[in-house]
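*Asks:* Could you have a look at this structure, given as structure tokens, before my questions?
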Amino acid sequence: MSDYVPLSKTVHSKSGLVSADCSFALEQTLVPVVAEELPQVVPTMAIGFVQSVNGKSFELVALQSLQAGVNVYVHTSGQWIGGYRPAWYRAHPFRLLKGKQSNRYVVCVNEASPAFEKNASEQAVRLFDDEGNLTQRTQGITGFLEKLQKATAVTQALVRQLGDAGVVAPWPLTTRRSAKEEGQKIEGLYHIDEAALRALNPDVLGQLVGSGALSVAYAQLLSEHRLQGLSRLYGLRSEANQQVKSASDVDLEDLFGEDDDDLSFNF
């Protein structure tokens, strides 16, 4: 359960952060990603598009399962096993959200997260020092959130350009829990229509090249072969549920590269 509140040196003067796993993401089938991190995302995840809340544009996302309520990149123990961890997750338990009384974005913290302690223990990293100033850790988080917001705005513009060019189309995917089951069509996912991309007017194509939107399109197309790994991970997830395997017992070296947990956009 999310409970984001504005970060305040009055309310959170004694609060802190402790290490926590990724259990909060266990049931998230999709995660927002930004164009800047695609070189790290594509080696481990398939990416696609979903319609935005207003239904007028699309959003770039990474697929974490084809089954509702499942994230195969998080072990049942809560450990992240997907190699690179998207910036959206690394920002947890913080978000930049618009204030209720203004259009300004403010840093908010999820007080319901296990990573947050209202009264910091000895193991916690304080959010504010005794003088009421942001600690180095909190300053780093704030900077990371600002960079993520800017990267999100750039990504939204690139995706909007692809949508306007008419190359984003419904993704005809089906899923089944076993080979014996009849496939079920997945609704709401979109991908790049390669034929439409190839048929673009040279002027439009040039605009996509110049902005970087074409790179996003190619990254999406190249990532589609990761769906096979997604199915394999779902099988491992089911096996873990049955045998209660630990994350260390699962060999994922052939699926994933190195992790990148630092708060950095210097890719």
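First residue of the sequence shown? That's 13 in the numbering used here, and the numbers climb one at a time after it.
Beta carbons are placed, not taken as given, at the ideal position from N, Cα and C, and that holds for glycine.
Remember, it's a predicted structure, so these values are computed and weren't measured experimentally.
(1) When you compare the segment 51 to 64 with the segment 140 to 160, are there three or more beta-carbon pairs, one atom per stretch, that lie closer than 8 Å?
(2) Under three-state DSSP, which class holds R97?
(3) Determine the DSSP secondary structure at G241, reduced to helix, strand or coil.
(4) Would you say the segment 86 to 103 touches the segment 29 to 36, given that touching needs at least three Cβ pairs under 8 Å?
(5) For the segment 29 to 63, which segments carrying the alpha helix (DSSP H) assignment without a break, of at least 4 residues, lie completely within its bounds, in sequence order?
(6) Scan the segment 128 to 215 and note each continuous beta strand (DSSP E) run of 3 residues or more that stays entirely inside, going in chain order.
(7) For E123, name the three-state secondary structure that DSSP assigns.
(8) Whole angstroms is fine: what's the gap from V23's alpha carbon to A99's?
(9) Do the segment 94 to 112 and the segment 155 to 164 meet, that is, are 3 or more Cβ pairs less than 8 Å apart?
(10) If contacts are defined as beta-carbon pairs under 8 Å, then A47 and L226 qualify, I think. What distance do you get, rounded to the angstrom?
(11) Could you pull out every residue in the same chain whose Cβ sits closer than 8 Å to the Cβ of P184, ignoring the five residues on either side in sequence?
(12) Kindly indicate which three-state DSSP category Y85 falls into: helix, strand or coil?
(13) The alpha helix (DSSP H) with L234 in it runs from where to where?
(14) Indicate the three-state DSSP secondary structure (helix, strand or coil) for L19 in the structure shown.
(15) Please say whether Q52 and Y96 have beta carbons closer to each other than 8 Å?
(16) With which residues is R107 paired in a DSSP beta bridge?
(17) Between T56 and G90, how many whole angstroms is the CB-CB distance? I'm expecting something under 8 Å.
*Replies:* Considering the structure as presented:
(1) no
(2) Here residue 97 corresponds to residue number 85 of the sequence shown, with the count starting at 1. Reduced to three states, the DSSP call for R97 is coil.
(3) What you label residue 241 is simply residue 229 of the sequence shown in a count that begins at 1. Residue state, collapsed to three classes: helix.
(4) These segments touch.
(5) 50 to 53
(6) 180 to 182, 185 to 187, 196 to 198 and 202 to 204
(7) Locating residue 123 in the sequence shown gives position 111, where the first residue counts as 1. E123 falls in the coil class under three-state DSSP.
(8) For this step, residue 23 is matched to residue 11 along the sequence shown. For this step, residue 99 is matched to residue 87 along the sequence shown. Rounded to the nearest angstrom, the two C-alpha atoms are 27 Å apart.
(9) yes
(10) Against the sequence shown, residue 47 aligns to sequence position 35. Against the sequence shown, residue 226 aligns to sequence position 214. Incorrect: roughly 11 Å between the Cβ atoms, too far for contact.
(11) As a position in the sequence shown, residue 184 is number 172, starting the count at 1. The answer, listed in chain order, is K197.
(12) Here residue 85 refers to the residue found at position 73 when the sequence shown is read from its first residue. The answer is coil: DSSP assigns Y85 none of H, G, I, E or B.
(13) Here residue 234 refers to the residue found at position 222 of the sequence shown. A225 to S235 is the extent of the alpha helix (DSSP H) around L234.
(14) Counting from 1 along the sequence shown, the entry for residue 19 is found at position 7. In the structure shown, L19 sits in coil (DSSP, three-state: anything other than H, G, I, E or B).
(15) As a position in the sequence shown, residue 96 is number 84, starting the count at 1. As a position in the sequence shown, residue 52 is number 40, starting the count at 1. Yes, the pair counts as a contact, with Cβ atoms nearer than the cut-off.
(16) Locating residue 107 in the sequence shown gives position 95, counting from the first residue. In the DSSP output, where bridge partners are listed per residue, R107 has C120.
(17) Counting from one through the sequence shown, the residue named residue 56 turns up at place 44. Counting from one through the sequence shown, the residue named residue 90 turns up at place 78. Incorrect: roughly 18 Å between the Cβ atoms, too far for contact.
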